[in-house]
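Participant: Residue numbers (our numbering): 2 to 404. A single structure is presented below for examination.
Shown next as structure tokens:
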């Protein structure tokens, strides 16, 4: 519940920011937000997955702490440069150093989920969302329009403070030496190659789908209002993805724990997920489509809000994306548990090829760039989902034969 609330607050806060700043500032912020979202995935090198997986075993604690201790000076340096760049309105430079800050936060948070009570980490996730809501409240009802600079400073500061808090909570001390750091990286590197490296192309493409249209649209769309509308729409797609990842994340630690302690039980759960849950959840989503129609007819006269119109007009696509997102996130937990992520990036690359072909075809036909991007996303993720589903089925049979 804490995780659901924290993610919900972050998403609500982002949407409300559009009403707290002027259109020009929000255009700048949407570009900046997309840059650090995409950049943080590249700079993190997906170390978070390795740190989470290894963090569940105490034998790795010393080496992990040695690497984590080096984050103290790095994050302070990144924050200093960020403040200087933001002060001189260098939005892209600010976005890069915010990427570094968030990349460090991602790695630290993933390790903290493995080493301390997950509830503490989920509460920490809540703070950026709480910040957005607070800024909206103060700007809307007390101090007037929110400036871009205040927003940037506040957001970067909260991520730095959360990261430092989690490092301290995990008992990570600043005592790093180059010799220790080199030795620790050497111990961790084999697991990074096996667990995290295959995820880098996958996650870059994943965040590319959500943020590249916003970055490209900054130059391609001259009308500020049209651009902001597209940026908000893609944030709504991110909201669906975030809701899915939130639901899936609840099961990650449990799935890995069962895999480590009871292989037979793990394979039974995996078999149930493949043969029962995936098809059943599709039926649930189809039922949800008709339920939304019924509720819309019942409550529309009382609501009549613009965002409700957006949701209901795209309900089929949004429910389909929810189905795809949730299943892809859940499947990834099984790949991580088995430390076999070889299908992750190839399946995403094949999906990206489908995305590119569909996007180019849509633009050639004169279809709106934003709409084309969304439908291309649906097609590409469908291709990725099918490949991973078939792979998971094949792996399940091989595992059963080996017991």
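The beta-carbon is built from N, C-alpha and C at its ideal position, and this holds for glycine as well. Every value quoted in this text rests on a predicted model; they were computed, and no experiment measured them.
1) If you follow the alpha helix (DSSP H) that residue 142 is in, where does it begin and where does it stop?
2) Looking at residue 334: is its Cβ nearer than 9 Å to the Cβ of residue 386?
3) Less than 8 Å between the CB atoms is what I'm expecting for residue 228 and residue 28, so what's the real figure, rounded?
4) Please state whether the Cβ-Cβ distance between residue 340 and residue 189 is less than 9 Å.
5) Taking the CB atoms as reference points, tell me whether residue 39 and residue 237 lie closer together than 9 Å.
6) Given a cut-off of 9 Å on the beta-carbon distance, is the pair residue 98 and residue 82 in contact?
7) Could you check whether residue 167 and residue 125 sit closer than 9 Å to each other, using their CB atoms as the reference points?
8) Sort 163, 226 and 185 by Cα distance to residue 1 and report the nearest one.
9) Can you look up residue 224 in the DSSP assignment and give me helix, strand or coil?
10) So, residue 122 versus residue 104, is the Cβ gap smaller than 9 Å?
11) What first and last residue would you give for the alpha helix (DSSP H) that runs through residue 190?
12) Please check the pair residue 362 and residue 380, which I expect to be a contact at CB under 8 Å, by giving their CB distance rounded to whole angstroms.
13) Under DSSP, the alpha helix (DSSP H) around residue 336 begins and ends at which residues?
14) According to DSSP, is residue 391 helix, strand or coil?
15) By alpha-carbon positions, which one of 214, 263 and 148 ends up nearest to residue 26?
16) Grab me the residues of residue 360's own chain with a C-beta within less than 7 Å of its C-beta, minus the 5 sequence neighbours each way, in chain order.
17) Going straight from the alpha carbon of residue 187 to that of residue 193, what length do you get?
18) According to the neighbour-count rule (16 or more other Cβ atoms, all chains shown, within 10 Å of its Cβ), is residue 127 buried or exposed?
19) Quick one: what does DSSP say residue 405 is sitting in, helix, strand or coil?
20) Check each candidate in 342, 136, 283 and 336 and name the one with the smallest Cα separation from residue 254.
21) What residues in its chain sit with their C-beta under 7 Å from that of residue 87, if we drop five residues either side in the sequence?
22) Taking the alpha carbon of residue 317 as the point to measure from, which residue in 331, 290, 295 and 298 has its own alpha carbon closest?
23) The alpha helix (DSSP H) with residue 155 in it runs from where to where?
24) Hey, out of 173, 265 and 24, whose CA is closest to residue 62's CA?
25) Please report the straight-line C-alpha distance between residue 84 and residue 102, rounded to a whole angstrom.
26) Classify residue 47 as helix, strand or coil using the three-state DSSP reduction.
27) What is the C-beta distance between residue 245 and residue 364, in whole angstroms, given that I count them as a contact (C-beta under 8 Å)?
28) When the cut-off is 9 Å and only beta carbons count, does residue 335 lie next to chain B?
29) Taking just the CA atoms, how far does residue 183 sit from residue 319?
30) Rounded C-beta distance between residue 142 and residue 249? I'm assuming under 8 Å.
31) Are the CB atoms of residue 382 and residue 322 within a distance shorter than 9 Å?
32) What residues in its chain sit with their C-beta under 6 Å from that of residue 60, if we drop five residues either side in the sequence?
33) With respect to the alpha helix (DSSP H) encompassing residue 63, which residues constitute its N-terminal and C-terminal limits?
34) Okay, do the region 41-54 and the region 200-218 touch, 3+ Cβ pairs below 8 Å being the bar?
35) Tell me which residues share the same chain as residue 342 and place their Cβ nearer than 7 Å to its Cβ, disregarding the 5 neighbours each side in the sequence.
Facilitator: Checking against the coordinates, here is how it stands:
1) Translated into the one-based positions of the chain shown, residue 142 becomes position 141. Here the alpha helix (DSSP H) through residue 142 covers 119-142.
2) Numbered from its first residue, the chain shown carries residue 334 at position 333. Numbered from its first residue, the chain shown carries residue 386 at position 385. Their beta carbons are not under 9 Å apart, which means residue 334 does not touch residue 386 by this criterion.
3) Within the chain shown, numbered from 1, the residue matching residue 228 stands at position 227. Within the chain shown, numbered from 1, the residue matching residue 28 stands at position 27. The Cβ separation is near 6 Å, so the contact holds.
4) Indexing the chain shown from 1 puts residue 340 at position 339. Indexing the chain shown from 1 puts residue 189 at position 188. No. Outside cutoff.
5) Within the chain shown, the letter at position 38 stands for residue 39. Within the chain shown, the letter at position 236 stands for residue 237. Result no, Cβ atoms of residue 39 and residue 237 do not sit closer than 9 Å.
6) The residue given as residue 98 occupies position 97 in the chain shown. The residue given as residue 82 occupies position 81 in the chain shown. A Cβ-Cβ contact shorter than 9 Å links residue 98 with residue 82.
7) Along the chain shown, one-based indexing puts residue 125 at 124. Along the chain shown, one-based indexing puts residue 167 at 166. Going by C-beta atoms, residue 125 is nearer than 9 Å to residue 167.
8) As shown, the chain starts at 2 and ends at 404. That puts residue 1 outside it, with no answer to give.
9) Here the question's residue 224 lines up with position 223 in the chain shown. Three-state result, residue 224: coil.
10) For this step, residue 122 is matched to residue 121 along the chain shown. For this step, residue 104 is matched to residue 103 along the chain shown. Residue 104 is positioned such that its CB atom lies no closer than 9 Å to that of residue 122.
11) Locating residue 190 in the chain shown gives position 189, where the first residue counts as 1. Per DSSP, residue 190 belongs to the alpha helix (DSSP H) from 179-192.
12) Here residue 362 refers to the residue found at position 361 of the chain shown. Here residue 380 refers to the residue found at position 379 of the chain shown. About 10 Å; that fails the 8 Å criterion.
13) Taking the first residue of the chain shown as position 1, residue 336 is located at position 335. 316-338 is the span of the alpha helix (DSSP H), which, as asked, contains residue 336.
14) Locating residue 391 in the chain shown gives position 390, where the first residue counts as 1. In this structure, DSSP gives residue 391 a helical state, which the three-state scheme calls helix.
15) Position 25 of the chain shown holds residue 26. Out of 214, 263 and 148, the CA that lies nearest to the CA of residue 26 is found in 148.
16) By one-based count along the chain shown, residue 360 stands at place 359. Excluding residues within five positions, the ones whose Cβ falls inside 7 Å are 373, 374 and 377.
17) In the chain shown, residue 187 corresponds to position 186, counting from 1. In the chain shown, residue 193 corresponds to position 192, counting from 1. Rounded to the nearest angstrom, the two C-alpha atoms are 10 Å apart.
18) Numbered from 1 along the chain shown, position 126 holds the residue referred to as residue 127. Residue burial is scored here from C-beta neighbours: residue 127 has at least 16 other C-beta atoms within 10 angstroms and is therefore classed as buried.
19) No answer is possible for residue 405: the residues shown for the chain start at 2 and end at 404.
20) Mapped onto the chain shown, residue 254 falls at position 253. For residue 254, the closest alpha carbon among the candidates 342, 136, 283 and 336 is that of 336.
21) Against the chain shown, residue 87 aligns to sequence position 86. Cβ contact annotation for residue 87 (same chain, cutoff 7 Å, sequence separation greater than five): 95, 150, 153 and 154, in chain order.
22) Locating residue 317 in the chain shown gives position 316, counting from the first residue. For the set 331, 290, 295 and 298, the Cα lying nearest the Cα of residue 317 is the one of 290.
23) As a position in the chain shown, residue 155 is number 154, starting the count at 1. Boundaries of the alpha helix (DSSP H) harbouring residue 155: 149-170, taken from the DSSP string.
24) Counting from one through the chain shown, the residue named residue 62 turns up at place 61. Residue 62 has its Cα closest to that of 173, out of 173, 265 and 24.
25) Residue 84 sits at position 83 when you count from the first residue of the chain shown. Residue 102 sits at position 101 when you count from the first residue of the chain shown. Rounded to the nearest angstrom, the two C-alpha atoms are 12 Å apart.
26) By 1-based counting over the chain shown, the position of residue 47 is 46. If DSSP states are grouped into helix, strand and coil, residue 47 belongs with coil.
27) If you number the chain shown from 1, residue 245 lands on position 244. If you number the chain shown from 1, residue 364 lands on position 363. With 8 Å as the limit, residue 245 and residue 364 do not qualify as a contact, their Cβ atoms being about 28 Å apart.
28) Checking the listed chains, one finds no chain B in this structure; it contains a single protein chain.
29) Stepping through the chain shown from its first residue, residue 319 is reached at position 318. Stepping through the chain shown from its first residue, residue 183 is reached at position 182. Each residue's alpha carbon lies about 46 Å from the other.
30) What you label residue 142 is simply residue 141 of the chain shown in a count that begins at 1. What you label residue 249 is simply residue 248 of the chain shown in a count that begins at 1. The C-beta separation of residue 142 from residue 249 comes to about 36 Å, leaving the pair out of contact by the 8 Å criterion.
31) Counting from one through the chain shown, the residue named residue 322 turns up at place 321. Counting from one through the chain shown, the residue named residue 382 turns up at place 381. Contact annotation: residue 322 and residue 382 have beta-carbon atoms nearer than 9 Å.
32) Within the chain shown, the letter at position 59 stands for residue 60. The beta carbon of residue 60 lies closer than 6 Å to none in the same chain, with the five residues before and after it left out.
33) Your numbering for residue 63 matches position 62 in the chain shown. Per DSSP, the continuous alpha helix (DSSP H) segment holding residue 63 begins and ends at 62-70.
34) Output reads yes: the region 200-218 touches the region 41-54.
35) Position 341 of the chain shown, counting from 1, holds the residue named residue 342. Its chain contains 196, 199, 200 and 336 as the residues whose beta carbon lies nearer than 7 Å to that of residue 342, once the 5 sequence neighbours on both sides are disregarded; these appear in chain order.
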